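See below for the structure under consideration.
Residue numbers (the UniProt record's numbering): 1 to 206.
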């Protein structure tokens, strides 16, 4: 009998993830797609594969500032001028006022949705498109476009997509709370279960 084979520690044969203590609303944008969803699947119905993110979203598709004098959002009458700046949606490239371009989602270098992309500013319409795309990926490859209830989508957008004040996040395309890892400490309970407690930026537990 091989004593070494009996005493050595066996490596896990598959990736295991502990249950997160954060709820979906705590996720700054709801953008993270599970590891299982991003892995190539043998099922013929699955068609989601993602290239490696190599940089910031391209700007080649952006509309020129001189071609727009007012917000592109349907029904918005905001005119651009000294007190109202133009804001490009990183996804579609159109120009909007600050009110209708205050969402944040992840894009790759081709300005396409990507679970590991850079956090980028976008318009309300592209934010709704992102929610549909994310749900399709989480379902595991169902590419059929589902009808979206505007009221429900707006509530989900408010909870799952970052919508900070435009003045506070002006010009931010690559950084979000999702990218900042706070220090953690582990506490062992009486049953031997390790519990991770995450501190906020001020070092206070909530």
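Just so you know, even glycine gets a beta-carbon here, dropped at the ideal spot from N, CA and C. Note that the coordinates shown come from a computational prediction; the quantities given were computed from them, not determined experimentally.
Opposing strand residues paired with residue i [DSSP bridges]
i, result
"residue 106", "119"
"residue 95", "88"
"residue 70", "79"
"residue 113", "107"
Where residue i sits in the DSSP three-state scheme
i, result
"residue 79", "strand"
"residue 124", "helix"
"residue 27", "Reliability fails at residue 27, whose pLDDT of 43 lies under 50, so the model's placement of it is uncertain and no value is given."
"residue 57", "coil"
"residue 62", "coil"
"residue 51", "coil"
"residue 134", "helix"
Residue i vs residue j beta-carbon contact at 8 Å
i, j, result
"residue 89", "residue 80", "no"
"residue 51", "residue 129", "no"
"residue 71", "residue 92", "no"
"residue 117", "residue 106", "yes"
"residue 120", "residue 110", "no"
Residue from the options whose Cα sits closest to the Cα of residue i
i, options, result
"residue 102", "73, 123, 137", "123"
"residue 56", "63, 134, 112, 49", "112"
"residue 99", "110, 86, 137, 105", "86"
"residue 94", "131, 67, 53, 83", "67"
"residue 54", "114, 139, 78", "114"
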